[in-house]
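2 protein chains.
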Amino acid sequence: MTKPIIFLQRAFREEFIDKIHAIAPDYQVKTEITPEEAAAVEISVGWSEKFNEPLLSTNQLKWVQSISAGIDSLPLAEFSTQNILLSNGSGIHALSISEHIIGVLLGYYRGLNQSVKNQEQQLWGQNTIHYDQLAGKNLLVVGTGHIGQQLSRSIHSLGVNVYGINTTGHPVEGFTETYSIKNLAKIVSGMDIVVGILPGTQETYHIFNSDIFEKMKQDAVFINVGRGDTVHTKELITALTEKSFAFAALDVFEEEPLPSDNPLWTLPNILITPHISGLTVDFQNKFMQIFLANLKAYVTTNALSRNQVRLDRGY
Amino acid sequence: MTKPIIFLQRAFREEFIDKIHAIAPDYQVKTEITPEEAAAVEISVGWSEKFNEPLLSTNQLKWVQSISAGIDSLPLAEFSTQNILLSNGSGIHALSISEHIIGVLLGYYRGLNQSVKNQEQQLWGQNTIHYDQLAGKNLLVVGTGHIGQQLSRSIHSLGVNVYGINTTGHPVEGFTETYSIKNLAKIVSGMDIVVGILPGTQETYHIFNSDIFEKMKQDAVFINVGRGDTVHTKELITALTEKSFAFAALDVFEEEPLPSDNPLWTLPNILITPHISGLTVDFQNKFMQIFLANLKAYVTTNALSRNQVRLDRGY
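Order-wise, the sequence lines are chains H and C. The numbering used here numbers the first residue of the first sequence as 71 and each following residue consecutively. The numbering used here numbers the first residue of the second sequence as 71 and each following residue consecutively.
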């Protein structure tokens, strides 16, 4: 009988392939597969839409290890029907995203973004610089998962007071207080900074909309590094145009790349970054820590030990 | 007899004037003085060159409380001759400058500066983004005073290893190791980030020159927020042009504002900020904490309790 296949939809260094073989000697490891081999794939590392049909038509697939944290673009209903295990890459990008957020805030508060623009025109322009202090600000993390917790640890040490929002308001270490997502509109009114780090689900779709923006402080900052469609883009444009709050920084968008005619581009009070917050040096090491631990658990107990996604809730 | 004068060369809020009167009831407080009154000024808060002659010609002046940390533009030799006490504003700007430096580093490492430039052209440009991780980097603080110590505390909590340089290499809390300034050229070769926070003295003039730049790592970053003339600008331009190291960020310059024809403006691997790192919200509160403490000590013991400058060494 043919050995079942571990299909790597992305190339990894030889050292990691060796470790996979050592943990799972009864499997073949492939980075390319023929149509016939598709039927023998039991474990897929990464996912792309073109494999929906070949990998899901034979009931052979047992486990998908996603590379990213977000898994909302995967065929979750079909995974559920076929009892396919799913784990994600949550945590890998936490440090990068946390550094991105702190950089965005200081770029705004310390006038660095404006300095970059002035420099392009060889303009000294000290009087064009808006400045403020990060320390002492109240920051609301909407989504208290791996990334939110990393951000909380880092930015708290810079003197920021960190509050959290999650589904039920359950307490999470490192947050001064946590609230239920139901109370979002109420809580934002006391915050200097609101950071969206939400997964894409039915419940989070367009959750950042005019109801929220209108309640924010006039000098508040909104950052989104979660899913693009958690933001109601049109209502955000209105809010920024009317200066309901002071400044937004988006790294994710409802449509990516952001179309060149989107009005967001030319608003004066926004920073647009091209989905870079998660770019991570030493990605393979960080990812393999998760995958190899899961692989060990899978071959010995047929279960996963890290980052399993609950298919019913979608994260 | 006329009461001696406390001359405020800058306006402060009424609440602080009241506190000055309460601590020093035998003094007049003035923010403008006539030529005749100049002879009665015993304490000057702030200094500007035009008062060199009127305030120093009568031997009445006893104490100058500088507003900034840097005092190299003041007539130190004359102060010394007349035994005039001098205290500076060191510490007021420490938090602002620390936030500035962290913002500059993350703006570079997380590709935010490039994103600002791309946004100006409505360009998504994810493939133009250089990214790296701040955590894990080795940072050398050249000048372990108030600002260096604040930076060390903040950035260490972001996972950065912090080393220090001071005159003698004496240990300072919060630094993994400290070295004598004599060893600067040797130490920079192991550092990812070199931050200059030096006062302007004869010893520090052009201390950051080609000898140093040539020894830096190819991917290293150099930041100067100390005095502009601690950097040999021409040699820095050569080093950046030849990519001796990767990136520089300057907030201070040998000539300010930086002349529009200075070649620094158009180098691709530099961030120029217009002497903004010390801009501080709530400045009056922070400054008055120093001045009022000193005033109390001065009127009771004729000495200063905070931030006294040693005129022989110039900081």
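Cβ atoms here follow ideal geometry from the backbone N, Cα and C, with glycine treated the same way. Values in this document were obtained by computation on a predicted structure and should not be read as measured data.
Bridge partner(s) assigned by DSSP for residue i
| i | result |
| --- | --- |
| residue 194 of chain H | Note: residue 194 of chain H sits in no beta bridge, so no partner. |
| residue 266 of chain H | H:212 and H:294 |
| residue 219 of chain C | Paired residues: none, contrary to the question. |
| residue 234 of chain H | H:211 and H:248 |
| residue 341 of chain C | C:319 |
| residue 378 of chain C | C:157 |
| residue 78 of chain H | H:115 |
| residue 301 of chain H | H:278 |
| residue 133 of chain H | H:113 and H:155 |
| residue 99 of chain H | H:76 |
Proximity below 7 angstroms, CB of residue i to CB of residue j
| i | j | result |
| --- | --- | --- |
| residue 292 of chain H | residue 318 of chain H | yes |
| residue 212 of chain C | residue 235 of chain C | yes |
| residue 278 of chain C | residue 301 of chain C | yes |
| residue 264 of chain H | residue 167 of chain H | no |
| residue 54 of chain H | residue 155 of chain H | The structure shown has nothing for residue 54 of chain H, since chain H only spans 71 to 385. |
| residue 273 of chain H | residue 303 of chain H | no |
| residue 376 of chain H | residue 363 of chain H | yes |
| residue 228 of chain C | residue 224 of chain H | yes |
| residue 177 of chain C | residue 195 of chain H | no |
| residue 199 of chain H | residue 346 of chain C | yes |
| residue 93 of chain C | residue 366 of chain C | yes |
| residue 237 of chain C | residue 384 of chain C | no |
| residue 83 of chain C | residue 359 of chain C | no |
Residue environment, residue i, which counts as buried when at least 16 other CB atoms sit within 10 Å
| i | result |
| --- | --- |
| residue 260 of chain C | exposed |
| residue 96 of chain C | exposed |
| residue 262 of chain H | buried |
| residue 352 of chain C | exposed |
| residue 80 of chain H | exposed |
| residue 299 of chain C | buried |
| residue 297 of chain C | buried |
| residue 110 of chain C | buried |
| residue 410 of chain H | Shown here, chain H extends from 71 to 385; a query on residue 410 of chain H therefore has no answer. |
| residue 290 of chain H | buried |
| residue 136 of chain H | buried |
| residue 118 of chain H | exposed |
| residue 269 of chain H | buried |
| residue 147 of chain C | exposed |
| residue 127 of chain C | exposed |
| residue 219 of chain C | buried |
| residue 311 of chain C | exposed |
| residue 382 of chain C | exposed |
| residue 169 of chain H | buried |
| residue 248 of chain C | buried |
| residue 88 of chain C | exposed |
For residue j and residue i, believed in contact at Cβ under 8 angstroms, the rounded distance
| i | j | result |
| --- | --- | --- |
| residue 349 of chain H | residue 205 of chain C | Rounded, the Cβ-Cβ distance is 14 angstroms, inconsistent with contact. |
| residue 75 of chain H | residue 90 of chain H | Incorrect: roughly 12 angstroms between the Cβ atoms, too far for contact. |
| residue 141 of chain C | residue 215 of chain C | Not confirmed; about 13 angstroms, so no contact. |
| residue 171 of chain C | residue 221 of chain C | 6 angstroms |
| residue 159 of chain H | residue 139 of chain H | 5 angstroms |
| residue 226 of chain H | residue 244 of chain H | 7 angstroms |
| residue 157 of chain H | residue 378 of chain H | 5 angstroms |
| residue 230 of chain C | residue 209 of chain C | 5 angstroms |
| residue 78 of chain H | residue 101 of chain H | 5 angstroms |
| residue 309 of chain C | residue 280 of chain C | 6 angstroms |
Inter-stretch contact (C-beta, 8 angstroms, three-pair minimum) for the region 329-337 of chain C and the region 128-136 of chain C: Too few Cβ pairs lie closer than 8 angstroms, so no.
Contact between the region 194-214 of chain C and the region 138-157 of chain C (3+ Cβ pairs under 8 angstroms): Counting Cβ pairs under 8 angstroms, fewer than three are found: no touch.
At least three beta-carbon pairs within less than 8 angstroms, the region 189-198 of chain C to the region 280-291 of chain C: No, the region 189-198 of chain C is not in contact with the region 280-291 of chain C.
The region 339-346 of chain H contacting the region 171-190 of chain C, beta-carbon criterion three pairs below 8 angstroms: With three or more CB-CB distances shorter than 8 angstroms, the region 339-346 of chain H counts as touching the region 171-190 of chain C.
The region 108-128 of chain C contacting the region 168-188 of chain C, beta-carbon criterion three pairs below 8 angstroms: Short answer: they don't touch.
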